[in-house]
Amino acid sequence: MKIQENVPIAPYTTFRIGGPARFFCTVSSEDELVEAVRFAKEKSLRFIVLGGGSNVLFSDQGFSGLIIKNEIMGKTFTDDGTLYSVIDANAGEDWEEFVAETVEKDLFGIENLSSIPGKVGAAPVQNIGAYGAEVGNVIESLRVLDTKTMKFIDLSFVDCKFSYRDSIFKHEKGRYIVTKVRFRLCKQGDVNIEYKELGKYFIDKHISKPSLKEVRNAVIEIRKNKLPDWKVWRTAGSFFKNPIITGDKFAELKKIYPDLPGYTEPDGRIKVSLGWILDKVCDAKGLTIGNVSTYEKQALVLVAKPGATASEVVAFSNELMHRVKEKTGIEIEGEVDWAFV
Ligand SMILES: Cc1cc2nc3c(=O)[nH]c(=O)nc-3n(C[C@H](O)[C@H](O)[C@H](O)COP(=O)(O)OP(=O)(O)OC[C@H]3O[C@@H](n4cnc5c(N)ncnc54)[C@H](O)[C@@H]3O)c2cc1C
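Printed below as a string of C-alpha cells:
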C-alpha cells in the first residue's frame, strides 16, 4: 500500500470539488486498511474512509489528514437451502453493479435501489433508500474495523440502528469502517411497487404484476428522467433529508399549503416532501446563485458548475435552509456529509 501526499480530492467525488488531501491511499485488503489507520494514528492525523465520493463535500482547502479509499473487492452468493440467499459483498464493490447482479440472479430486495451511485460499504452508512425501499431492511450484519480498539467485529442489523437516512455510523462518526456487508435476499419474493410514482408507471403501462427486472428497469427510467446523471453533472444527489415533523405541525402547514405531500412514519410523525417545499413554497426550483443551482427537475438536488467552490455550495445551502425556516418554521438537515468543509 502506497501513501501519497497532497493528492487532489475533487476527482474522487461526484461534486468534483475540494482541495488536496495531505495524505491519500487506496486499500484493497483488511490488512492494508489496518496499516493505513495505524499510519494516521501514529501521526495523530484525522482519517476518513471514502467509497465512490457521491455523498460528500470537501473543503476548498482540502483535508489535512489521511483519506483512505476503500477498494476491498469480492462477493460470494450462498444458497442456504431456505427461501433466502445470503450474499457477502466487500465494501469496495460498486453498488449499482451489485444490484444488477442480484436482479440477474432473480433475488428480490434491492431492485428499487437501482442506479444509486457509490460503493457497497457506504450503503449502510446513510441506510440508502429510494422508491419505498431501504437497504437496512435486507442487511443481516456487517463486518467492520472498530478503529477505537483496532479489532474487526460483526455488527448485527440491530446494532446498526437503521432509520431514515441514518445509522450508528453517523452517530459514532469515523469509529467503524465497513469492510463487508452480509445481505439476505429473497429467492421468491414479491416486488414492491407501493411507492406512488412507481405504481403509476406500471398502471400507465397496464402491467399489473411486473417482474423483478421490469421493476429495476422502471426505477432506472424514472430516475433518468428526474435526476441528474452524476457522470455529467457535479452533484451529490439530494443535499438535504426530507424533514419529519409532528402531526400538529403538518396540520398547521396543510392549512396554508393544502397540497403539501406527507407520508406517515411508523412513529406517527409525518415525513414531508422537501423537494415540494423548495419548489412550491420557496420558489427555489432551478434557483441559481453564482455557480450553484437546484436541479431544474428536482429542487432537493444541488448541482454545481465547473469552478464552483465548496464555500459557494455551503452558502447556497444556507440560503435554502433560511428560506425553508422562514416560510415553514422547519429546520432542515443535510443528507450529504459536509463535515469536511
Ligand atoms: C445522482 C445521485 C443520486 C443519489 N441518489 C440517492 C438515493 O436515491 N438514495 C440515497 O440514499 N442516496 C442517494 N445518493 C447518495 C449516495 O449515492 C449514497 O449515499 C451512497 O451510498 C454513497 O456511497 P459512496 O460510496 O459514494 O460514499 P462516499 O460519498 O464515499 O461516503 C459517504 C459517507 O460514508 C462514509 N463511508 C464510505 N465508505 C465507508 C465505509 N466502508 N465504512 C464506513 N464509512 C464509510 C464516508 O466517510 C462518508 O461519511 C445519490 C447521489 C447522487 C450523486
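Just add 85 to wherever you are in the sequence shown, counting from 1, and you've got my numbering. Just so it is clear, CB atoms sit at the ideal spot from N, CA and C, and this is done for glycine as well.
Contact check, residue i vs residue j, beta carbons under 9 Å
i: residue 193; j: residue 134; result: no
i: residue 286; j: residue 217; result: no
i: residue 205; j: residue 185; result: no
i: residue 380; j: residue 320; result: yes
i: residue 405; j: residue 324; result: yes
i: residue 92; j: residue 140; result: no
i: residue 221; j: residue 247; result: yes
i: residue 300; j: residue 100; result: no
i: residue 400; j: residue 102; result: no
i: residue 359; j: residue 328; result: yes
i: residue 123; j: residue 235; result: yes
heavy atom of ligand 3 below 8 Å from residue i C-beta
i: residue 420; result: The model on display carries ligand 1 but not ligand 3.
Residue i - containing alpha helix (DSSP H), residue span
i: residue 127; result: 115-127
i: residue 289; result: 281-289
i: residue 319; result: Unbroken run through residue 319 is the beta strand (DSSP E), 319-323; no alpha helix (DSSP H).
i: residue 333; result: 332-341
i: residue 143; result: Run containing residue 143: none in the alpha helix (DSSP H); it sits in the beta strand (DSSP E), 141-143.
i: residue 242; result: Per DSSP, residue 242 belongs to no alpha helix (DSSP H) and is neither H nor E.
i: residue 413; result: 395-413
i: residue 253; result: 253-256
Identified DSSP bridge partners for residue i
i: residue 90; result: 108
i: residue 148; result: 106
i: residue 164; result: 170
i: residue 44; result: Because residue 44 is not part of the residues shown, which for the chain are 86 to 426, the question remains open.
i: residue 153; result: 110 and 134
i: residue 354; result: The partner list for residue 354 (beta bridge, DSSP) is empty, contrary to what the question assumes.
i: residue 380; result: 383
i: residue 236; result: 231
i: residue 248; result: 251
i: residue 270; result: 170
Endpoints, the beta strand (DSSP E) within which residue i is located
i: residue 388; result: 383-389
i: residue 298; result: Counting along the chain, residue 298 falls outside any beta strand (DSSP E), though it belongs to the alpha helix (DSSP H) covering 297-311.
i: residue 348; result: 347-349
Using 8 Å as the threshold, is the segment 195-202 in touch with the segment 172-183, meaning 3 or more CB pairs across them? yes
Report the start-end ranges of each alpha helix (DSSP H) in the segment 179-228 that is 4 residues or longer and not cut off at the edges. Listed in chain order, the complete alpha helix (DSSP H) runs (minimum 4 residues) inside the segment 179-228 are 180-189.
Determine contact between the segment 260-268 and the segment 221-241, defined as no fewer than three beta-carbon pairs at a distance below 8 Å. yes
At least three beta-carbon pairs within less than 8 Å, the segment 384-401 to the segment 359-371: A contact is defined here as three or more CB-CB pairs under 8 Å, and the segment 384-401 meets this definition with respect to the segment 359-371.
Could you say if the segment 132-152 and the segment 268-284 meet the contact criterion of at least three C-beta pairs nearer than 8 Å? no
Any chance the segment 150-165 sits against the segment 121-135, with 3 or more Cβ pairs inside 8 Å? At 8 Å Cβ cutoff, the stretches touch.
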